[in-house]
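One gets the numbering used here by counting positions in the sequence shown from 1 and adding 18 to each.
Note that beta-carbon positions come from the ideal geometry of N, C-alpha and C, so glycine has one too.
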Amino acid sequence: MRLTTQDLQAIEEAARDFFAPGSVVRLFGSRLDDQRRGGDIDLLIESPVAMASRDQVARRNGFLARLYRRLGEQKIDVLIVAAGEPDERSIVQTARRVGQVIARVPQ
């Protein structure tokens with residue numbers, strides 16, 4: 019995995035501040051492969067509660083703003099889904115299947 023301890027800490031702290039207890043953050047995509055270079059940070063956030071679109075956008079924007087302040091300007095993609103709910107998007111299915119849990123918001 020190509021994230022530093024500081025990157026992981028920043029992601030965990032931002033997730034705690036913007037997402038519900040029980041939320042899980044998964045890293046997927048090229049940053050999982052230590053042999054690759056570059057690439058954006060792809061995150062899937064699974065929330066135990068469904069969110070209205072407006073709330074989801076506000077939380078995503080706040081989460082990203084916090085990460086940009088802590089990690090600097092870099093490409094970060096964030097998907098937010100309800101945990102346990104089916105999602106037909108192939109990117110979500112892939113992230114759920116191969117993504118590595120990097121943070122959990124305490125209950």
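Linking R107 to Q24 through their CA atoms gives a straight-line distance of about 31 Å. Residue environment for E103: exposed (fewer than 16 other C-beta atoms within 10 angstroms of its C-beta). Contact annotation, A28 with V43: C-beta distance approximately 11 Å; criterion of less than 8 Å not satisfied. In the structure shown, R20 adopts coil according to DSSP, grouped into three states. R49 is a Cβ neighbour of R20, given a cutoff of 7 Å.
Minimum Cα-Cα distance from V96 among the listed residues G40, L82 and I120 corresponds to L82.
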